[in-house]
Amino acid sequence: MDQVKLALERNQISAGEWNKDRGLSGFKDFRFVEGRPKGPVPVNFGIVVFPGFQALDAFGPLDALNTLSLYFPMKLSILAETLNPVSTKIAYPSSSGSDFGQSINPTHTFASPPPLDVLLVPGGIGAMHPSIQSAIDFVAKVYPSLQYLVTVCNGAGIAARGGVLDGKKATTNKMQWWPETAQREQVKWVAHARWVVDGNIWTSSGVSAGLDAIFAFIAAIYGEEAAEKVANILEYERHKDPQWDPYAKIYDLPGDPLNSV
Numbered sequence: 010m011d012q013v014k015l016a017l018e019r020n021q022i023s024a025g026e027w028n029k030d031r032g033l034s035g036f037k038d039f040r041f042v043e044g045r046p047k048g049p050v051p052v053n054f055g056i057v058v059f060p061g062f063q064a065l066d067a068f069g070p071l072d073a074l075n076t077l078s079l080y081f082p083m084k085l086s087i088l089a090e091t092l093n094p095v096s097t098k099i100a101y102p103s104s105s106g107s108d109f110g111q112s113i114n115p116t117h118t119f120a121s122p123p124p125l126d127v128l129l130v131p132g133g134i135g136a137m138h139p140s141i142q143s144a145i146d147f148v149a150k151v152y153p154s155l156q157y158l159v160t161v162c163n164g165a166g167i168a169a170r171g172g173v174l175d176g177k178k179a180t181t182n183k184m185q186w187w188p189e190t191a192q193r194e195q196v197k198w199v200a201h202a203r204w205v206v207d208g209n210i211w212t213s214s215g216v217s218a219g220l221d222a223i224f225a226f227i228a229a230i231y232g233e234e235a236a237e238k239v240a241n242i243l244e245y246e247r248h249k250d251p252q253w254d255p256y257a258k259i260y261d262l263p264g265d266p267l268n269s270v
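When you read off a place in the sequence shown, starting at 1, and then add 9, the result is the number in my numbering.
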C-alpha cells in the first residue's frame, strides 16, 4: 500500500478522508458487509483461450473478477490446448500486414484441467477457425461439472457447437448474428439482448457486453453491493437492463425488443 500512502501524502489528506470521500469504506475495510452473499460462492474460475481470442472478451470480465478477488477467495486457471503462450492475433493472415496482439500464458491444458466452478468462454475471430474444435470439445466435456458457464460474444458459438446450449435461451455477437446462430438451430437464440441467463448459463452479446454480463453475474452471486462497488473502483457505468441492445437494431435483427429476454 506504499503507493496509496504516497498518494495520500502528496494530496495532503488523511486515510480517513480518503475513505470518506470515495464512499468505498476504504480498500482496507472494503468487505461488502451488508451485501455479502448468504451462501457459499464459487472459488475455482477458469477461462478458455485460443489463438485469435478477443482481448476485451477475456480481459474485461477478468479485470472485474480480479478486483472482486481482492475481497473474496478466488482462484483462476487459464486453459488452452497446450501450455504455449496464446495470442490474440488472428489465426488467419492479416490483410493489413499488421503484427499486433497480446499473449497470455496458460496454466493448464484442456487435457488436464483443475476442478472448476465457473468457466468463462470468450469469442474472437479465432473462434471461427477449424482449430477451435479442441475448445468446443473441452467446454462440452467440462460443462456438467460446472456451477456456472459464462460466454462472451461468439464464445456462445463454442458452447453451442458442443451442444451445451441446446434447448436454452442464449445470445451472441450481433454483427455476426446469422453465421453464428446458424451453427446450432437447437438453441433458442435471443436477438435483442445485452445478455441472457438460462439456468446456470450466462451468454452475452458482442465484446463489451461481456462487462455488463459479468457485473450482472457478480450482482446475482455476490450481491448488488459487491457489483456496484467493483464497478465504482473500475469507474465503469453498468448497463443493468439485459434488454438494452442498440446493436440488434443497428444490424436489423428480428424479434420484439420489448419481449426478448
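We treat Cβ as the ideally placed atom computed from N, Cα and C, and that holds for glycine.
Cβ-Cβ distances below 6 Å link residue 212 to 160, 165, 179, 180 and 205 in the same chain, with the five nearest sequence neighbours on each side left out; the list follows chain order.
Here the alpha carbons of residue 59 and residue 113 stand approximately 10 Å from one another. Residue pairing by DSSP puts residue 158 in a beta bridge opposite 128 and 210. Counting only residues of its own chain and dropping the five nearest sequence neighbours on each side, residue 239 has a CB closer than 8 Å to the CB of 73, 76, 77, 224 and 227. In chain order, 215 and 260 place their CB closer than 7 Å to the CB of residue 184, counting only its own chain and leaving out the 5 sequence neighbours on each side. Measuring C-alpha to C-alpha distances from residue 68 to each of 149, 85 and 118 identifies 85 as the nearest. Residue 250 and residue 65 have their alpha carbons spaced roughly 20 Å apart. Counting only runs that start and end inside the stretch 42-74, there is no alpha helix (DSSP H) element of at least 4 residues. The DSSP-derived three-state label of residue 104 is coil. As the crow flies, the alpha-carbon of residue 167 is around 30 Å from that of residue 235.
In the DSSP assignment, residue 227 falls within the alpha helix (DSSP H) that extends over 218-231. Short of 6 Å from the beta carbon of residue 51, and not among the five residues preceding or following it, lie these beta carbons of its own chain, in chain order: 126, 127 and 156. Rounded to whole angstroms, residue 253 and residue 221 show a C-alpha spacing of 10 Å. For residue 150, the number of other beta carbons within 10 angstroms of its own is below 16, and it is reported as exposed.
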